[in-house]
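Report on the structure given below.
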Amino acid sequence: MATLGLSKVFILDKYFTELQKFWETEKKLQDASSSNEAVHLQQRLRSLSTELVTLRNRLHVSQPANASGPASATSGPLSKSSEKGGAPASPAPAVPPRTTLPPGGAVSHGIGHPAGHTLTASAIVHPHVNHAGANALSHNSTATNNLISELDPSKQRHNGVSDDGIVSCVTALGCLRSPPISSIIADVKNARSNQSQHRCLPKVTAPSAGPATSTAFDDLIHLPGPLTEDAVLKCLQARFCAKQYHTNVGPILVCVNPYTDVGNPLTLTSTRSVPLAPQLNKVVQEAVRQQSETGYPQAIILSGTSGSGKTYASMLLLRQLFDVAGGGPETDAFKHLAAAFTVLRSLGSAKTATNSESSRIGHFIEVQVTDGALYRTKIHCYFLDQTRVIRPLSDEKNYHIFYQMLAGLSHDERVKLSLEGYNLKNLRYLQHGDTRQDEAEDAVRFQAWKACLGVLGIPFLDVVRVLAAVLILGNVGFTDGPGVEVGVLGENELSSVATLLGVPPPALLRGLTSRTHNARGQLVKSVCDANMSNMTRDSLAKALYCRTVATIVRRANSLKRLGSTLGTLSSDSNESVHNQAEVTSQHASTIGSSAGGTGSRSMTALNNAVRHATDGFIGILDMFGFEDPKPSQLEHLCINLCAETMQHFYNTHIFKSSIESCRDEGIRCDVEVDYVDNVPCIDLISSLRTGLLSMLDVEGSIHGTAESYVSKVKVQHKQNPRLFEPRTVDCRSFGIQHFAGRVTYDASDFLDTNKDVVPDDLVAVFYKHTCSFGFATHLFGSELKALYASDTVPRGVSFRISPTSHTDLLNGDEPISTLTQDFHTRLDNLLRTLVHARPHFVRCIRSNSTETPMHLDRGVTMRQIRSLQVLETVNLMAGGYPHRMRFKAFNARYRLIAPFKQLRRAEEQAVEDTKLILQNAQQLKSKFGASTSWALGKRHIFLSEGIRQQLENLRAETRRRAATVIQARWRGWRVRKRWSLRRTTLGVTSGIGQKKSQQPPTRANTGTVQRNVTAGTGTGTGTRPRPQPIAGTPPPDPSEKCADQKMIQQTCTLFGLDLERPPPVPPSRSYTVTGNTKLGYPQTRIMKMPFPEEGEGEVVLLKGETVLVVGASPRRGHLLVEHNNTTLHVPYQFMELKPCNINV
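Read in order, the letters of the sequence shown are residues 1 to 1144 in UniProt numbering.
And the structure:
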């Protein structure tokens, strides 16, 4: 009988887990409060039922005919088999399914237990169902010995769960009341402690159990045995220990961050020396291939929690994209982009509680590609974390540039910027966060940042003046005085800020402390209180910083690269490629409908317009990752909404589209993927009327409070399971169950942060007539243009902190968009662009939460595997139909695999050709265990990942063989065509050589001539020719227009040339250069090889012989050697310099 190996134990443990899920889901179904929830739970029950049936079938092994006796009914869930070996049997019901363990899979209890105790199939039962019979498992001591031998004491976990985990897993089932279950666990523990006494057979390990075998699977779909979370984790951990951090799940790439390069600024320059993993190279090459073949835009989307290495991977991908399509890192385009990222990383990254290089700016790097060649790049930035400029969290830092500036500025620069005497301890915007600093490292980074500003053509002093003003502005404070006006704390600091910004100090003070209101057409001036003045000061600091970043991005995008003459727009304006695509698509749709065309024509025009607007780009998306800081603020809610949206985009493309396509075309798939849909969480946050962000906008419009906002949210979403009550008793906090975990948000500053406004009283200060600093005026250029379009300034309007394009500025007293509205609009525009692109997903996982190098925390990694739904992806790729292609497209790509004569090549017979291709592909068995199934739909052919990989391998091999044959034939034809000319040339040179030597041709000389003919060249000495340098230029192309006689004469006159007497060839040098030393002649050299070579005549100079070089030969590449009173022309490759020369 077979033994119960580790793979069977995995299945059994998985069965326990799935059964527990089944029971819990059924209990939830009984308590369901809504029809939608009930439908969802019923679908989950069906999915779990299918999974349980699959696991039962995997455990089932047919018994011999004499292995089971007559069935006897039993009333309890457990029974003892008779001593004669009879086993009561009964068929297991379909729902809930029960494991029917094979007889070889019996777990005997020979260690301190009666021999009759066996684990029956009815040991796993439903608490509400009575079962009449069960399959008893026969006792087998060999099974026990094998099981014990497989449990290595070095392994601290059994199927990824500790001993206590196994006990708790079985105990949680509630209905497992049988002593044999606990006996089995006790036996396993005893076996581990007494392994040396009970090991009888050599260790037999399942293919997926050990790290040594797991490293061989670079694609998780090829994992043998049951696909469980633990199997996936073990494979990733084994590859992590082997320093293989990238693993495929079909076309999807999983990257584990090992933290081996902590402290890297994560720019194109800093990652230039990092070796590129072949998996990342494959992602880039696949994107370039698909874009060049189809012309369809491609998007490489990186997702994962904060600190999972998304930015690091994006820089490697961008570098590889330049190597493939952009000419490499030596091009001007790469240098400009590298400089832009060096500048933006310092301005847009900061230290958080869990990530020392956290990107606080999302990037969408749009690389325009035409015919496989890169010609323009553009950076779209998404800046959210504005509050960090004025108030970083207690254990976090402000943006890196502030610390680098304080460490890298010279004394003279500090004096010029009014920063003398300031440090991290006395600057209010920096002192509340983490004040630890590596000054040497920050100074080095600041010098690199300064140099990169010069590469971009941005004045260094202009930027640091604004940044210094932001820092000093934090030390300006306002207090309520006895009169109407407020008091100023730090008048010297206020004067310094005004000087740096080029505005008069009184004007700046008025802009910060006064406000103009429009009351029914009448303008009213008022003085702000201290609280309002301090908020205006903070708004100015955030506006100066955000607009400086936007100006640098706009400057980086405006650089002309690779011959591009197209202008670009600000990444922070809504005039980006996303809105261009939207406007063009709306225009096309209007044209189609107004022209009287049908709906299909309008749709075609729409698709063509969108494709034209976004044609030819390869995008790399590095957006915000999920994070859970404490306390979580409004920016973090928007960041987590972005992470939820990217997760939903992944679910839609990978799971939902596959399932719906199979259902629409009548394809029945054996694998039902039970993925978690996060649409309810997205609706909770961003739905139109009842979403948290919409309710926040309404609360801000009626000047509500944080307490009233939170209370309305809890009343509105009282029945929403995604909203939970935090443990804290604060009435201004609430919790949300995100796809990656629970987060508690503090709404104290939600309303103030969401306003995101700067009053026009303050903006008017920077008008060119009152501001002498042109860079500061440029930062508010669009707002000033809109403001001074009217005669009345200021007139009580407000502008957003972040820059806005002139066309989007609203006139009069109309309300402007809030922070959340603007972010939501730009996120929708981004999604609209991604929808029309072919996505390539890279899922990033952080190995631990402390940034410890080469340490993988199983708990942290497992939580991310579950949140990213890696197991569900593996299940779909391994057993489902994740790929579909039109029959015509499939035949066009893979028809070279099938025999040419058997293909029909008719459009109406495309299905028959598809079948023929797949049948030929399936004749070759795959060396892995992945499914190679396929199914014919109504319009598409559905492929599993296994058959797709097999088709691609066969296609690549067929093309390689065909290329080899074509090259061989062409080379043979070329040699034969040139053979007559070479033979004539060789005959002439051989005759000259024979005349010089005055020697009759011998058999040896004839052989030499024949060998030279085979070589295809000949020289005056009849020896084998050495490689010659290129002399002259290739002949002109007849199709090209030649220069006329007048141009030739002008050139000759300009440079003093004579067409009848060309300039003489310069004489050979009378010396040799080695290193930094000139060596004259004569020289002593040592022969590296015999001259002439063996078989090319009588050897004159032997290897290792010392010779005297007297000068350079008139023959190119030769030196004159005196030997036995004879001068020889010896190629320089035959000799090397002697360490001690006789003439230096």
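We put the beta carbon where it would ideally sit given N, CA and C, even for glycine.
If one requires a minimum length of 3 residues, the beta strand (DSSP E) runs lying completely within the segment 426-507 are 477-480 and 486-489, in chain order. Boundaries of the beta strand (DSSP E) around Asp-746: 741-746.
The continuous stretches of alpha helix (DSSP H) do not include Gln-386, and DSSP gives it neither H nor E.
The straight-line gap separating the alpha-carbon atoms of Glu-1060 and Thr-985 is approximately 29 Å.
Arg-976 has its alpha-carbon roughly 41 Å from the corresponding atom of His-1123.
Spatial neighbours of Ser-495 in its own chain (CB-CB distance under 7 Å, excluding positions within 5 residues in sequence) are listed in chain order as Pro-505. The beta-carbon separation of Thr-352 and Ser-358, rounded to 4 Å, stays under the 8 Å limit for a contact. Bounds of any alpha helix (DSSP H) do not take in Glu-396, whose DSSP letter is neither H nor E. In the DSSP annotation of this structure, the continuous segment of the beta strand (DSSP E) that includes Val-1121 starts and ends at 1118-1123. In the DSSP assignment, Asn-754 falls within the alpha helix (DSSP H) that extends over 750-755. Cβ contact annotation for Gly-326 (same chain, cutoff 7 Å, sequence separation greater than five): Ala-333, Phe-334 and Leu-374, in chain order. Exclusion of the five residues before and after Leu-784 leaves Tyr-767 as the residues of its chain whose Cβ lies within less than 6 Å of its Cβ.
DSSP, reduced to helix, strand and coil, places Asn-355 outside both helices and strands of the structure shown, so it counts as coil.
By the criterion of a C-beta distance shorter than 7 Å, Asn-423 is surrounded in its chain by Leu-406, once the five residues flanking it on both sides are discounted. With a 10 Å radius around the Cβ and a threshold of 16 neighbouring Cβ atoms, Glu-366 comes out buried.
By the criterion of a C-beta distance shorter than 7 Å, Leu-787 is surrounded in its chain by Asp-760, Val-763, Ala-764 and Val-793, once the five residues flanking it on both sides are discounted. Glu-413: member of the alpha helix (DSSP H) spanning 411-416, first to last residue. Measuring C-alpha to C-alpha distances from Gln-869 to each of Val-53, Leu-55, Leu-227 and Tyr-894 identifies Leu-227 as the nearest.
Under DSSP, Ser-632 forms a beta bridge with Tyr-745. With fewer than 16 other Cβ atoms inside 10 Å of its own Cβ, His-703 counts as exposed. Between the alpha carbons of Thr-513 and Gly-433 lies a gap of roughly 28 Å. When only Cα atoms are considered, Pro-459 and Gln-447 end up about 14 Å apart. Taking the Cα positions, Ala-468 is about 26 Å away from Gln-633.
The segment 544-561 makes contact with the segment 380-389: 3 or more CB pairs, one atom from each, lie closer than 8 Å. A distance below 6 Å between beta-carbons, with the five flanking residues on each side excluded, links Asn-264 to the following residues of its chain, in chain order: Ser-270. Judged by their CB atoms, Pro-251 and His-940 are not nearer to each other than the 9 Å cut-off. Secondary structure note for Phe-799: its beta strand (DSSP E) is the uninterrupted segment 798-800. The alpha carbon of Ile-659 has as its nearest neighbour, out of Leu-233, Val-455, Asn-875 and Leu-523, the alpha carbon of Asn-875. With a 10 Å radius around the Cβ and a threshold of 16 neighbouring Cβ atoms, Leu-1054 comes out exposed. Looking at Ser-418, Arg-689 and Pro-721, the one whose alpha-carbon comes closest to that of Pro-680 is Pro-721. Phe-890 and Glu-665 have their C-alpha atoms some 17 Å from each other.
Contact between Glu-491 and Val-527 fails: their C-beta atoms lie close to 18 Å from each other, not under 8 Å.
In this structure, the CA atom of Ser-701 is about 24 Å from the CA atom of Cys-642. DSSP, read as helix, strand or coil, puts Gly-421 in coil.
Per the C-alpha coordinates, the member of Gln-298, Arg-414 and Cys-452 positioned closest to Arg-345 is Cys-452. The segment 665-678 makes no contact with the segment 386-400; the number of CB pairs closer than 8 Å stays below 3.
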